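Structure, as structure tokens:
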Amino acid sequence: MGSNRRDFLKKAGLAGAGIMAGAPGKSGGAPFQQAHTQEFNMHGYAAPRLETVRVGFIGIGSRGSGTVERFARIEGVSVIALCDLYEDRARAARKAIREFSDHDPELYHGSEDAWKKLCDRDDIDLVIISTPWKWHAPQAIYAMEQGKHAGVEVPAAKTIEECWELVKTSEQTRKHCMMLANSAYGDFNILTINMARRGFFGELVHGEGAYIHDRVSNTESRWVRNPDNHNWFGYRPWRLKENINRNGNLYPTHGLGTICQVMDLNYGDQMDYMVSVSSNDFTMADKMEELAARDDYYQSFVGLQFRGNMNTSIIRTHKGRTIMLQHDISSPRPNVRYNLISGTRAIARHYPLPARIATGHEGWLPQEEYDALEEQYRPEISRKMGAITKEIGGHGGVDMMMSWRLIDCLRSGIPLDMDVYDAALWSCIAPLSEWSVAHEGNSVKVPDFTSGAWKNNEKGMDIELKRGGTTRLAEA
Numbered sequence: 001m002g003s004n005r006r007d008f009l010k011k012a013g014l015a016g017a018g019i020m021a022g023a024p025g026k027s028g029g030a031p032f033q034q035a036h037t038q039e040f041n042m043h044g045y046a047a048p049r050l051e052t053v054r055v056g057f058i059g060i061g062s063r064g065s066g067t068v069e070r071f072a073r074i075e076g077v078s079v080i081a082l083c084d085l086y087e088d089r090a091r092a093a094r095k096a097i098r099e100f101s102d103h104d105p106e107l108y109h110g111s112e113d114a115w116k117k118l119c120d121r122d123d124i125d126l127v128i129i130s131t132p133w134k135w136h137a138p139q140a141i142y143a144m145e146q147g148k149h150a151g152v153e154v155p156a157a158k159t160i161e162e163c164w165e166l167v168k169t170s171e172q173t174r175k176h177c178m179m180l181a182n183s184a185y186g187d188f189n190i191l192t193i194n195m196a197r198r199g200f201f202g203e204l205v206h207g208e209g210a211y212i213h214d215r216v217s218n219t220e221s222r223w224v225r226n227p228d229n230h231n232w233f234g235y236r237p238w239r240l241k242e243n244i245n246r247n248g249n250l251y252p253t254h255g256l257g258t259i260c261q262v263m264d265l266n267y268g269d270q271m272d273y274m275v276s277v278s279s280n281d282f283t284m285a286d287k288m289e290e291l292a293a294r295d296d297y298y299q300s301f302v303g304l305q306f307r308g309n310m311n312t313s314i315i316r317t318h319k320g321r322t323i324m325l326q327h328d329i330s331s332p333r334p335n336v337r338y339n340l341i342s343g344t345r346a347i348a349r350h351y352p353l354p355a356r357i358a359t360g361h362e363g364w365l366p367q368e369e370y371d372a373l374e375e376q377y378r379p380e381i382s383r384k385m386g387a388i389t390k391e392i393g394g395h396g397g398v399d400m401m402m403s404w405r406l407i408d409c410l411r412s413g414i415p416l417d418m419d420v421y422d423a424a425l426w427s428c429i430a431p432l433s434e435w436s437v438a439h440e441g442n443s444v445k446v447p448d449f450t451s452g453a454w455k456n457n458e459k460g461m462d463i464e465l466k467r468g469g470t471t472r473l474a475e476a
């Protein structure tokens with residue numbers, strides 16, 4: 001095995017996971033750990049009730065600053081501490097929440113290890129992590145080891161080993177680890193979850209999800225560095241580096257999360273195996289050459305290997321259902337966060353807008369019939385919290401809905417809507433897809449992070465608010 005090839009696999013987070021255990025040409029490979037002895041089932045676990053949830057935030061960039069403001073509007077939240085590498089970002093976030101609340105958090109900044117001091121405090125219950133991907137799992141694991149619940153941005157982990165460490169740490173500490181997968185709370189998403197649970201689709205057959213979002217074409221908004229913001233650019237330096245020497249579906253959770261909830265994956269069904277194929281890179285390398293001609297910063301990226309434009313992955317579950325996922329952030333296409341649910345009686349499709357439903361081959365139902373079905377199947381969480389969360393905002397309200405429900409569950413002493421097994425399962429698709437792409441599309445077994453508990457686990461998201469739902473929000 002050549003050194004260049006070995007370096008590529010290490011950078012992809014695969015070599016240490018036993019990638020070579022699955023030889024090319026052999027289908028159904030299981031090169032990764034498949035199960036472990038479950039120490040404690042975190043699915044359905046209700047942590048001790050917290051009247052006040054004391055929160056610390058790690059990562060206060062463009063994503064993290066909005067997150068701090070949303071949590072500061074939730075009843076029963078005390079914002080204790082903020083941490084960022086850059087002091088001005090932490091100070092700006094504190095100033096923003098002081099304008100509408102009495103939160104006065106302590107600030108940590110100045111080094112890449114400052115976040116550990118935040119986690120070491122004994123007056124924090126929950127740590128919210130909005131940092132570059134490489135920090136997600138290490139910071140969540142450390143937070144749980146210090147006795148904190150962890151809410152971590154997507155993906156929760158980059159490697160299969162990290163997925164397992166999240167699971168093991170959560171079970172050992174009995175601290176929650178929830179991946180902050182906001183798309184699961186979108187109107188269409190929770191609508192289709194409810195429709196599936198009430199039998200509208202019949203027997204579920206197939207699902208499709210995609211994250212197709214052009215992040216490359218617009219040079220001015222994506223790539224021009226801002227001297228007033230530490231020379232960062234819109235696409236962000238760390239995210240650009242994630243696309244080097246990796247090839248697969250690097251961001252599967254937006255399209256996948258809702259499908260997993262609809263199909264009861266981790267609670268009634270489970271992924272079995274998957275295959276993945278990527279196109280060549282037709283745009284990123286050329287973009288780096290274009291940018292290098294106007295900014296020397298990009299010279300170091302010229303000539304590097306970038307992930308392919310389009311990745312397509314197909315998953316089969318133990319019940320024989322299929323899921324197709326796609327990822328493309330470097331082709332000039334309209335933004336599509338696609339979801340499709342197909343059953344023996346009906347089909348629902350989110351994009352292109354407007355969302356549509358059909359009950360046969362004759363065509364999509366007219367808008368008035370869709371509206372009637374939407375009203376019939378709208379779950380309680382949408383009826384109760386939809387309007388105010390949209391008013392406050394954050395990706396159309398889904399960020400606020402997700403944040404509110406996390407705090408509501410902790411304050412009510414009830415299980416979270418999504419747990420560490422969801423975080424691990426949804427995140428593992430990235431490294432598994434990389435393995436399959438590197439092996440010419442060979443199939444690879446998906447680990448069972450529940451260690452068989454999926455056969456008896458109760459359903460996931462409580463979208464009908466059978467428990468909780470009592471926490472209030474401060475209006476914008």
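The sequence shown begins at 1 in UniProt numbering and counts up one residue at a time. For each residue, glycine too, the CB sits at the ideal point set by N, CA and C. Please read these numbers as outputs of a predicted model, since none were measured by experiment.
Where residue i falls, given that 16 or more other Cβ within 10 Å makes a residue buried
| i | result |
| --- | --- |
| Gly460 | buried |
| Asn249 | buried |
| Glu87 | exposed |
| Gln172 | exposed |
| Ala438 | buried |
| Glu99 | exposed |
| Phe57 | buried |
| residue 513 | With the chain covering 1 to 476 only, the question about residue 513 has no answer from this structure. |
| Ile463 | buried |
| Asp123 | exposed |
| Phe40 | exposed |
| Gln34 | exposed |
| Lys384 | exposed |
| His361 | exposed |
| Gly394 | buried |
| Glu208 | buried |
| Gly25 | Any reading at Gly25 must be qualified, since the residue scores a pLDDT of 42, below 50, and its modelled position is unreliable; the value itself is stated next. Flag for Gly25 reads exposed. |
Whole-number beta carbon distance between residue j and residue i, since they are thought to touch under 8 Å
| i | j | result |
| --- | --- | --- |
| Tyr351 | Tyr370 | Actually they do not touch by this definition, with Cβ atoms about 14 Å apart. |
| Arg70 | Ser382 | The pair is not a contact, with the Cβ atoms about 18 Å apart (cut-off 8 Å). |
| Leu410 | Leu50 | 5 Å |
| Met288 | Ile315 | Contact doesn't hold; Cβ gap of about 32 Å is too wide. |
| Tyr211 | His176 | 25 Å between Cβ atoms; not a contact. |
| Asp281 | Arg246 | Going by Cβ atoms, the distance from Asp281 to Arg246 rounds to 11 Å, so no, they are not a contact pair. |
| Gly468 | Asp419 | Contact flag wrong, Cβ pair sits at about 15 Å. |
| Gly241 | Ala430 | For the record, residue 241 in the displayed sequence is Lys; it is not Gly. At roughly 15 Å, the Cβ-Cβ gap does not stay under 8 Å, so Lys241 and Ala430 are not in contact. |
| Ala424 | Leu265 | So it is not a contact: roughly 12 Å between Cβ atoms. |
| Gly413 | Ala46 | 5 Å |
Spatial neighbours of residue i in its chain, beta-carbon cut-off 8 Å, leaving aside the 5 residues before and after
| i | result |
| --- | --- |
| Arg63 | Ser130, Glu153 |
| Ala292 | Tyr298, Gln299, Phe301, Val302 |
| Ile80 | Arg54, Val55, Gly56, Pro105, Glu106, Arg121, Asp123, Ile124 |
Per DSSP, cross-strand counterpart(s) of residue i
| i | result |
| --- | --- |
| Tyr235 | Note: Tyr235 sits in no beta bridge, so no partner. |
| Asn243 | Bridge partners of Asn243: none, in fact. |
| Lys445 | Tyr273 |
| residue 513 | Within the shown structure, residues of the chain are numbered from 1 to 476, placing residue 513 beyond reach of any answer. |
Contacting residues, own chain, Cβ-Cβ under 6 Å from residue i (five flanking each side not counted)
| i | result |
| --- | --- |
| Arg225 | Asn231, Phe233 |
| Ala355 | Phe188 |
| Ala474 | Arg73 |
Cβ shell of residue i (< 7 Å), same chain only, five flanking positions each side left out
| i | result |
| --- | --- |
| Tyr235 | Arg215, Arg222, Trp223 |
| Lys390 | Gly396, Gly397 |
| Thr52 | Gly76, Ser78 |
| Leu373 | Ile357 |
| Met1 | Low confidence applies to Met1: its pLDDT is 43, below 50, so where it sits in the model is not reliable, and the reading given next is rough at best. Excluding residues within five positions, none has a Cβ falling inside 7 Å. |
| Gly343 | Phe201, Gly202, Glu203, Leu204, Val205 |
Residue-chain proximity (residue i, chain C), Cβ-Cβ < 8 Å
| i | result |
| --- | --- |
| Ala92 | Reference to chain C is not applicable here, since this structure consists of a single protein chain. |
**Prompt:** What residue ranges within the region 85-165 form continuous beta strand (DSSP E) runs of no fewer than 3 residues, ordered along the chain?
**Reply:** 106-109, 126-129, 149-152, all fully within the region 85-165.
**Prompt:** Which runs of the beta strand (DSSP E) fall wholly inside the region 335-398 and span at least 3 residues, in chain order?
**Reply:** Given a length threshold of 3 residues, each whole run of the beta strand (DSSP E) inside the region 335-398 is given here in chain order: 339-343, 347-349, 356-358.
**Item:** Contained beta strand (DSSP E) runs [length at least 3] in the region 51-91, N- to C-terminal order
**Value:** Qualifying beta strand (DSSP E) stretches, in chain order: 53-58, 77-84.
**Asked** Can you give, in chain order, each stretch of the alpha helix (DSSP H) that sits fully within the region 249-319 and has at least 4 residues?
**Response** Within the region 249-319, the complete alpha helix (DSSP H) runs of at least 4 residues are 253-262, 284-292.
**Message:** As an exercise, report each continuous alpha helix (DSSP H) stretch of at least 4 residues that is fully enclosed by the region 404-462, in chain order.
**Reply:** Every unbroken stretch of the alpha helix (DSSP H) spanning 4 or more residues and falling wholly within the region 404-462 is given here in chain order: 420-438.
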